[in-house]
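Here's the structure, in C-alpha cells; my notes come after.
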Amino acid sequence: GESVGLHLPTLSVQEGDNSIINCAYSNSASDYFIWYKQESGKGPQFIIDIRSNMDKRQGQRVTVLLNKTVKHLSLQIAATQPGDSAVYFCAENMGSGYSTLTFGKGTMLLVSP
Amino acid sequence: DAGVIQSPRHEVTEMGQEVTLRCKPISGHNSLFWYRQTMMRGLELLIYFNNNVPIDDSGMPEDRFSAKMPNASFSTLKIQPSEPRDSAVYFCASSPGQEQEAFFGQGTRLTVV
Numbered sequence: 055g056e057s058v059g060l061h062l063p064t065l066s067v068q069e070g071d072n073s074i075i076n077c078a079y080s081n082s083a084s085d086y087f088i089w090y091k092q093e094s095g096k097g098p099q100f101i102i103d104i105r106s107n108m109d110k111r112q113g114q115r116v117t118v119l120l121n122k123t124v125k126h127l128s129l130q131i132a133a134t135q136p137g138d139s140a141v142y143f144c145a146e147n148m149g150s151g152y153s154t155l156t157f158g159k160g161t162m163l164l165v166s167p
Numbered sequence: 798d799a800g801v802i803q804s805p806r807h808e809v810t811e812m813g814q815e816v817t818l819r820c821k822p823i824s825g826h827n828s829l830f831w832y833r834q835t836m837m838r839g840l841e842l843l844i845y846f847n848n849n850v851p852i853d854d855s856g857m858p859e860d861r862f863s864a865k866m867p868n869a870s871f872s873t874l875k876i877q878p879s880e881p882r883d884s885a886v887y888f889c890a891s892s893p894g895q896e897q898e899a900f901f902g903q904g905t906r907l908t909v910v
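As given, the protein sequences belong to chains L and C, one line each in that order.
For the first sequence, position 80 matches number 134 in the working numbering, and the numbering has no gaps at all.
For the second sequence, position 15 matches number 812 in the working numbering, and the numbering has no gaps at all.
What follows is the structure, encoded as C-alpha cells:
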C-alpha cells in the first residue's frame with residue numbers, strides 16, 4: 055500500500071496497552087465528527103462517530119472524546135491488538151448544510167506483539 | 798450490498814493520456830464523493846454530488862479534471878491529459894445523507910509515468 059506513514063505522526067504501543075490518538079479540528083462550527091481506520095491498500099473504514107452535543111461516546115473497545123472548548127478530539131483504543139495497526143484519521147463535518155467530511159492528516163498506530 | 802465499488806484498482810498510464818476512474822456507490826445513498834490521497838496532502842475532497850448533481854467541485858485541481866454522475870449508480874472521474882503529479886490513490890465514497898458516515902471504496906492507485 056501507499057507509504058503514508060513516512061510523513062505521519064506515529065504512535066507505537068505494545069499489544070494489550072491502551073492507545074490514545076489525538077486530533078485537533080479546525081472549525082468551531084463543526085457539529086459531527088468521525089474516526090476512520092485505514093489499513094495498507096484499503097479505503098478508510100468507519101470506527102466511531104460523535105455529534106457536537108456529546109462529549110463522549112463508547113463503542114466496542116473504542117471511546118471518542120470531544121472537547122469543543124479547545125477543538126480537540128481523541129480516540130481511545132482499549133487492549134490494543136496487532137490488528138489495530140493502521141493509520142487513523144479524524145474527520146469533521148463543517149456545520150449545518152454541509153455533507154462533506156474534511157479529514158485530518160492521520161496518525162499511524164503500530165502495535166507490537 | 799457489496800459496498801462502494803471502484804475500478805480499476807490500479808492504473809498505470811503515460812503522461813498525456815486520458816484516464817477514467819469509475820465508481821458504483823452503495824444503493825440508496827444519495828451523496829457521492831471523490832477524494833484524492835497523497836503522502837504530502839493527505840485525503841483531499843475533489844468533488845461532491847448530491848442526488849447526482851455536483852454540489853461542490855472547489856477541490857478539483859484544474860480543468861484537466863472532470864467528474865460526472867449520469868445516474869444514481871455510477872460516477873466517473875476523468876483526467877485529460879494526465880500528468881505525473883496526478884499520481885495518487887483516488888477514492889470514491891458514498892453516504893446516505895447529511896451528517897452520516899461516508900463509506901469508502903478500495904480506491905484506484907493511479908501512476909502516471
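Glycine residues also receive a C-beta, built at the ideal position from the N, C-alpha and C atoms.
In this chain, the beta strand (DSSP E) harbouring residue 810 (chain C) covers 807-810. In the DSSP assignment, residue 866 (chain C) is bridged to no other residue.
Beyond the five residues adjoining it in sequence on each side, residue 121 (chain L) comes within less than 6 Å, by CB distance, of no other residue in the same chain.
With a 10 Å radius around the Cβ and a threshold of 16 neighbouring Cβ atoms, residue 891 (chain C) comes out buried. For residue 99 (chain L), the enclosing beta strand (DSSP E) starts and ends at 99-105. Below the 7 Å Cβ cutoff, chain C contributes 898 as neighbours of residue 103 (chain L), in chain order. When C-alpha distances from residue 880 (chain C) are compared across C:889, C:812, C:832, the shortest belongs to C:812. Taking C-beta separations shorter than 8 Å and ignoring five residues to either side along the sequence, the partners of residue 870 (chain C) in its chain run 821, 822, 824, following chain order. For the C-beta of residue 839 (chain C), the chain L residues within less than 7 Å are, from N- to C-terminus, 157, 159, 160. Taking 7 Å as the threshold, the shortest C-beta distance from residue 64 (chain L) to chain C does not fall below it. Around the beta carbon of residue 147 (chain L), a 10 Å sphere encloses 16 or more other beta carbons of the protein chains shown; the residue is thus reported as buried. Annotation for residue 164 (chain L): the continuous beta strand (DSSP E) segment containing it runs 161-166. Selection L:107, L:62, L:135, L:123 evaluated against residue 116 (chain L) yields L:135 as nearest (Cα-Cα). Burial is judged here by how many other beta carbons sit within 10 angstroms of a residue's own beta carbon; residue 133 (chain L) has fewer than 16 and is exposed. Counting C-beta atoms within 10 angstroms of its own C-beta, residue 145 (chain L) has 16 or more neighbours from the protein chains shown and is therefore classed as buried. Of the candidates L:107, L:159, L:98, L:154, L:98 places its Cα closest to the Cα of residue 888 (chain C).
In this structure, the CA atom of residue 901 (chain C) is about 17 Å from the CA atom of residue 864 (chain C). If you ignore the 5 residues before and after residue 826 (chain C), its C-beta comes within less than 7 Å of the C-beta of 891, 892, 893, all in its own chain and listed in chain order.
Around the beta-carbon of residue 850 (chain C), fewer than 16 other beta-carbon atoms lie within 10 Å, marking it exposed. A Cβ-Cβ distance of about 12 Å is found for the pair residue 129 (chain L) and residue 141 (chain L), leaving them out of contact under the 8 Å criterion. Sequence-distant Cβ neighbours of residue 833 (chain C) in its own chain, meaning closer than 7 Å and more than five residues away, are 841, 843, 885, 887.
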